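Participant:
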Amino acid sequence: MKELMKQAERAFENSYSPYSGIRIGAAVVAGSGKIYTGTNIENASYGATICAERSAISKAVSDGETEITAVAVTGDIDDYAYPCGICRQVISEFMKPDMEIAVSGKNKEMKVFKLKELLPSAFEFNLGGK
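So in the numbering used here, the last spot in the sequence shown is 1044, and the numbers never skip.
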């Protein structure tokens, strides 16, 4: 997780955050073992903003990866950079409940949670085979 967090820290350097001034970076490990990174991309229409976690997952899925085995999120904020509710739900689409999510902030201290701890009652839509 420490190496994954370093990747997330590098990712937030590319943040586009002119409105909040808060840079967030994320790194995810796909089922293949490949690491994908992402950063927050803000927009004047706040609803069009893309969080770092969804940015990284979108890159992975665009490459054909549909399984995420670990996530790390960090930012230049005083608190821990916890995934927002939308990101937790998107993560749950591609990650098993027992997989780990690490969060950090300016102080570089890391906390690690299982997805089911951060999103205990994820919305699921059963397509009959999943």
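A virtual CB, placed ideally from N, CA and C, is assigned to each residue, including glycine. Since the structure is predicted, the reported quantities are computational estimates derived from the model, not experimental observations.
1) Let me check one thing: in DSSP terms, what residues is Tyr994 bridge-paired to?
2) What are the residues that DSSP puts in a beta bridge with Val985?
3) Would you decide whether Pro932 is buried or exposed? Buried here means 16 or more other CB atoms lie within 10 Å of its CB.
4) To the nearest angstrom, report how far apart Tyr996 and Val987 are at their CA atoms.
5) If the criterion is Cβ atoms closer than 8 Å, does the pair Ser934 and Glu979 meet it?
6) Quick test of your reading: Gly989 and Gly1019, contact by CB under 8 Å. State the CB separation rounded to the nearest angstrom.
7) Could you please give the first and the last residue of the uninterrupted alpha helix (DSSP H) stretch that includes Lys973?
8) Would you mind reading off the limits of the beta strand (DSSP E) that contains Gly952?
9) Out of Ser969, Met1024, Thr963, which one is the CA nearest neighbour of Asp992?
10) Can you tell me whether Ser1006 is buried or exposed, with buried defined as 16 or more other CB within 10 angstroms of its CB?
Facilitator: Walking through what the data contain:
1) According to DSSP, residue pairing for Tyr994 in a beta bridge does not occur.
2) Paired residues: Val942, Ile1015.
3) Pro932 should be labelled exposed.
4) Annotation: Tyr996 to Val987 spans about 7 Å, alpha carbon to alpha carbon.
5) For Ser934 and Glu979, no; Cβs fall outside 8 Å.
6) Rounded, the Cβ-Cβ distance is 6 Å, consistent with contact.
7) 966-976 is the span of the alpha helix (DSSP H), which, as asked, contains Lys973.
8) Gly952 -> beta strand (DSSP E) spans 949-953.
9) Ranked by Cα distance from Asp992, the first of Ser969, Met1024, Thr963 is Met1024.
10) In summary, Ser1006 is buried, with 16 or more beta-carbon neighbours lying within 10 Å of its beta-carbon over all protein chains present.
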